[in-house]
Amino acid sequence: MSHDHGWKSIESVLLKDGFSFHPLLSKWLLEMTTLLPEQKIQVFEANCGEVNCPVDEVKLTWNVSGIEDSLRLGRGKEKLLKQDIYLAWKKKITS
Numbered sequence: 110m111s112h113d114h115g116w117k118s119i120e121s122v123l124l125k126d127g128f129s130f131h132p133l134l135s136k137w138l139l140e141m142t143t144l145l146p147e148q149k150i151q152v153f154e155a156n157c158g159e160v161n162c163p164v165d166e167v168k169l170t171w172n173v174s175g176i177e178d179s180l181r182l183g184r185g186k187e188k189l190l191k192q193d194i195y196l197a198w199k200k201k202i203t204s
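Just add 109 to the spot in the sequence shown (first one is 1) and you have the working numbering.
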């Protein structure tokens, strides 16, 4: 049986305004990345909701000078940890 893991848009916010699903995410992003408070962030999530399926991911996208960039986090949006942001950003800037 096949199921969908497609990305669904869930929110678009200015980083300084924070995210409705996580009280600390914007603070962590501002501390650990080069993103600015006025940066507009689009949030996507991928999951299928099936108990036996481990897929639960968040993708943050933004646009700087016409160039789209993103950060993928391998955890559900309400379960994100500071370490997830740190490791994803480190991987992004070193690859």
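For every residue, glycine included, the Cβ atom is placed at its ideal position computed from N, Cα and C. Remember, predicted model here, so these are calculated numbers, not experimental data.
TODO: Classify serine 204 as buried or exposed, calling it buried when 16 or more other Cβ atoms lie within 10 Å of its own Cβ.
DONE: Taking the sequence shown and counting its residues from 1, one reaches residue 204 at position 95. With fewer than 16 other Cβ atoms within 10 Å, it is exposed.
Task: Exposed unless 16 or more other CB atoms sit within 10 angstroms - verdict on leucine 169 - done: The residue given as residue 169 occupies position 60 in the sequence shown. Per the 10 Å Cβ criterion, buried.
- [ ] Look at the Cβ atom of tryptophan 171, then the Cβ atom of isoleucine 150, and state whether they are nearer than 8 angstroms.
- [x] By one-based count along the sequence shown, residue 171 stands at place 62. By one-based count along the sequence shown, residue 150 stands at place 41. Cβ distance < 8 angstroms, so tryptophan 171 and isoleucine 150 count as in contact.
Task: valine 167, buried or exposed, once every other Cβ within 10 Å from all chains shown has been counted against 16 - done: Position 58 of the sequence shown, counted from the first residue, corresponds to residue 167. Buried, since its Cβ has 16 or more Cβ neighbours within 10 Å.
TODO: Let me know the secondary structure DSSP gives tryptophan 116 once reduced to three states.
DONE: For this step, residue 116 is matched to residue 7 along the sequence shown. Coil at tryptophan 116, not helix or strand.
Task: Inter-residue Cα distance where the pair is glutamine 148 and glutamate 140 - done: By 1-based counting over the sequence shown, the position of residue 148 is 39. By 1-based counting over the sequence shown, the position of residue 140 is 31. Cα-Cα distance, rounded: 14 angstroms.
- [ ] Please confirm whether isoleucine 176 and valine 152 have their CB atoms less than 8 angstroms apart.
- [x] Taking the first residue of the sequence shown as position 1, residue 176 is located at position 67. Taking the first residue of the sequence shown as position 1, residue 152 is located at position 43. In this structure, valine 152 does not lie closer than 8 angstroms to isoleucine 176 by Cβ.
Open item on the list: Taking DSSP's pairing of strands, which residues face aspartate 193 in a bridge?
Closed with: Counted from its first residue, the sequence shown places residue 193 at position 84. Aspartate 193 is not bridged to any residue.
TODO: Leaving out five residues on either side along the sequence, give the residues of the same chain with a beta carbon under 6 angstroms from the beta carbon of tryptophan 137.
DONE: As a working note, residue 137 is residue 28 in the sequence shown. Within the same chain, tryptophan 137 has close Cβ partners Lys191, Ile194.
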